[in-house]
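J.: I have a structure I would like to understand better, so I am pasting it below and will then ask my questions one at a time.
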Amino acid sequence: MKSTASVIFQERKDQIVRKGRDAFDMSCNRESLAGAVSQRACVFCGSRVVLYPIADALHLVHGPIGCAAYTWDIRGALSSGPDLHRLSFSTDLQERDIIFGGEEKLYRALSELIERHGPKAAFVYSTCIVGIIGDDLEAVCRKVASERGIPVLPVQSEGFKGNKREGYGAACKAMFRLMGSGDTSTISPISLNILGDFNLAGEIWIIREYFDRMGIQTVANITGDGRVADLQRAHGATLNVVQCSGATMELAKMMKDSFGTPFLRVSYFGVEDMAESLYRIAAFFEPKAPGIVERTRELVKGELSELYPRLQEFRRELSGKKAAIYVGGAFKAFSLVKAFRLLGMQVVLVGSQTGTEEDYKELYEITDEGTIIVDDSNPLELSSFLKEKDVDVFVGGVKERPIAYKLGVGFCDHNHERKQPLEGFVGMLNFAREIHSSVMSPVWRFVPRRKARETWNE
Ligand code: SF4
């Protein structure tokens with residue numbers, strides 16, 4: 002078996018830090034190394050992740066059918082009403098379209114789909130090949146918008162022009178074009194927009210309920226369970242609360258520059274970050290809504306009094322177990338490190354696809370000695386770290402799952418495929434329960450994991 006050092010490319014060594022051995026000096030936020038088989042997704046995927054939970058909009062992928070593989074099935078954002086977002090549409094570009102151009106086909110597809118489904122807006126995603134042949138998306142969208150009387154928005158998300166992070170930016174630019182046109186007269190001064198939550202397994206409903214109990218009006222969900230009309234009046238909210246380091250931060254900055262809407266960064270994962278986020282939001286509104294901090298304190302106290310005794314039961318058996326984390330955005334990693342600590346577990350590996358230097362510095366500060374911190378990793382590196390650190394559970398997404406299972410390591414899906422909510426106080430309980438059942442599962446008795454480890458380092 003190869004040693005960890007031998008699977009790390011020379012060009013990637015400065016994207017890996019071992020706390021305690023290396024001083025913090027990490028290179029990140031750069032193009033993936035060609036041939037390293039990065040876990041990252043393309044620009045188009047980034048924009049699709051952010052936009053497609055807008056449930057009453059039409060989402061049309063302009064490109065070959067393969068790009069449209071990013072469907073609702075692998076990104077299960079729930080809607081409390083319309084569910085047009087669950088349908089996947091593609092212009093299915095063929096050789097002939099590539100040679101003679103795909104604008105006509107796009108025009109026909111858009112017109113037919115709008116006629117058939119009556120969406121409140123349409124998003125048209127550009128893919129690699131469209132960027133190469135140079136179809137004028139903007140012109141086609143403008144024409145269809147004026148004919149059909151709804152916003153038709155081009156998303157400039159050609160897959161090759163960067164990584165997932167650029168896709169977030171393309172999505173934010175498209176959404177921003179909707180803002181500023183809706184009626185804001187019924188919006189309370191104690192109001193906010195939720196940015197960067199995609200309503201996986203109904204999570205945004207949990208968070209909205211906390212805001213309701215605090216006395217805060219939620220104007221727009223951006224984008225889980227999202228609606229076009231809400232986006233159009235989102236500029237009337239007093240505050241933006243932004244979860245997820247990259248996905249909607251650009252939108253929050255654009256809204257601050259154009260409408261003066263301040264924003265707070267929040268996280269709804271884990272007990273500490275969930276409570277801290279609610280307190281910071283309450284403190285923001287306290288001058289205008291005296292008593293909101295006290296109300297929030299009561300809310301948190303009530304939730305914790307139920308949660309803590311149950312967490313202690315899991316902690317008894319999980320203490321001393323080891324966890325590895327590899328996620329898309331680093332914000333989730335911060336909350337997960339703290340959540341595992343609460344369960345008595347040690348995080349021995351943590352990494353992300355799109356973290357910034359600031360993110361990794363924070364991870365370096367909050368993790369224990371010996372923890373490996375990695376940016377833009379690949380399956381070979383991740384497998385080798387998991388084996389070296391002898392982890393009990395690996396937290397990641399769809400692309401990390403097979404790595405864990407092939408090694409006989411427990412896995413927890415903390416990405417868009419999951420079917421149970423992990424946000425909020427109830428989400429922490431679900432998370433603890435899932436980690437406990439994965440780590441303590443009797444199945445590991447039948448997997449030759451421990452035995453294999455004896456030979457891993459040979
Ligand atoms: S946009 Fe390009 S990189 Fe992305 S899925 Fe399509 S072909 Fe692949």
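Residues 2 to 459 (my numbering) make up the sequence shown, in order.
The beta carbon of each residue, even a glycine, is placed where N, CA and C say it ideally should be.
Would you list the one or two residues that DSSP bridges to VAL394?
T.: For the purposes of this step, residue 394 is taken as residue 393 along the sequence shown, with counting starting at 1. Bridge partners of VAL394: ALA324 and GLY411.
J.: Using only the heavy atoms of ligand 1, determine whether one of them is closer than 8 Å to the beta carbon of VAL44.
T.: What you label residue 44 is simply residue 43 of the sequence shown in a count that begins at 1. Because some heavy atom of ligand 1 lies under 8 Å away, the Cβ of VAL44 counts as near it: yes.
J.: Going by C-alpha distance, which of PHE426, ALA42, CYS173 and ILE436 is nearest MET250?
T.: For the purposes of this step, residue 250 is taken as the residue at position 249 of the sequence shown. Minimum Cα distance to MET250 is reached at CYS173.
J.: Do GLY64 and SER33 have their beta-carbon atoms positioned less than 9 Å apart in this structure?
T.: Here residue 33 refers to the residue found at position 32 of the sequence shown. Here residue 64 refers to the residue found at position 63 of the sequence shown. It is not a contact, given that the beta carbons lie outside the stated cut-off.
J.: Taking the alpha-carbon positions, what's the VAL328 to TYR211 distance?
T.: Taking the first residue of the sequence shown as 1, we reach residue 328 at position 327. Taking the first residue of the sequence shown as 1, we reach residue 211 at position 210. Straight-line Cα distance between these residues: approximately 26 Å.
J.: If you scan the stretch 121–147 from start to end, which runs of the alpha helix (DSSP H) of 4 or more residues do you find wholly inside it?
T.: Taking only runs of at least 4 residues, the alpha helix (DSSP H) segments lying wholly in the stretch 121–147 are 129–134.
J.: According to the neighbour-count rule (16 or more other Cβ atoms, all chains shown, within 10 Å of its Cβ), is ILE217 buried or exposed?
T.: By 1-based counting over the sequence shown, the position of residue 217 is 216. ILE217 should be labelled buried.
J.: Within 10 angstroms of the Cβ of TYR53, are there 16 or more other Cβ atoms? Answer buried if so, exposed if not.
T.: One-based indexing of the sequence shown puts residue 53 at position 52. Buried.
J.: Could you pull out every unbroken beta strand (DSSP E) segment of at least 3 residues lying fully inside the stretch 251–308, listed in chain order?
T.: Counting only runs of 3 or more, we get 264–266.
J.: Three or more beta-carbon pairs under 8 Å between the stretch 248–266 and the stretch 192–201, yes or no?
T.: Cβ pair count under 8 Å is three or more, so yes.
J.: Quick one: complete alpha helix (DSSP H) runs, 4+ long, within the stretch 65–128?
T.: Listed in chain order, they are 96–101 and 104–118.
J.: Output yes or no for whether 9 Å exceeds the beta carbon distance between TYR126 and LEU201.
T.: Position 125 of the sequence shown, counting from 1, holds the residue named residue 126. Position 200 of the sequence shown, counting from 1, holds the residue named residue 201. Their beta carbons are not under 9 Å apart, which means TYR126 does not touch LEU201 by this criterion.
J.: Between the Cα of PHE395 and those of GLU382, VAL410 and LEU381, spot the shortest distance and give me the residue it belongs to.
T.: Taking the sequence shown and counting its residues from 1, the one referred to as residue 395 is at position 394. If we check each option's Cα against that of PHE395, VAL410 comes out closest.
J.: Rounding to the nearest angstrom, what Cα-Cα distance links GLU204 and GLU359 in this structure?
T.: By 1-based counting over the sequence shown, the position of residue 204 is 203. By 1-based counting over the sequence shown, the position of residue 359 is 358. Going by the C-alpha atoms only, they are around 27 Å apart.
J.: Which residues does DSSP pair with GLY352 in a beta bridge?
T.: Indexing the sequence shown from 1 puts residue 352 at position 351. For GLY352, which the question treats as bridged, DSSP gives the partners TYR327 and VAL375.
J.: Applying the criterion that 16 or more other CB atoms from any shown protein chain within 10 Å of the CB defines a buried residue, is ARG41 buried or exposed?
T.: Walking along the sequence shown from the start, residue 41 turns up at place 40. Label assigned to ARG41: buried.
J.: If I measure Cβ to Cβ from ARG149 and keep anything under 6 Å in the same chain, skipping five residues before and after, which residues do I get?
T.: Numbered from 1 along the sequence shown, position 148 holds the residue referred to as residue 149. Around ARG149: ILE115.
J.: Which residues bound the alpha helix (DSSP H) around LEU430?
T.: By one-based count along the sequence shown, residue 430 stands at place 429. Counting along the chain, the alpha helix (DSSP H) containing LEU430 begins and ends at 425–440.
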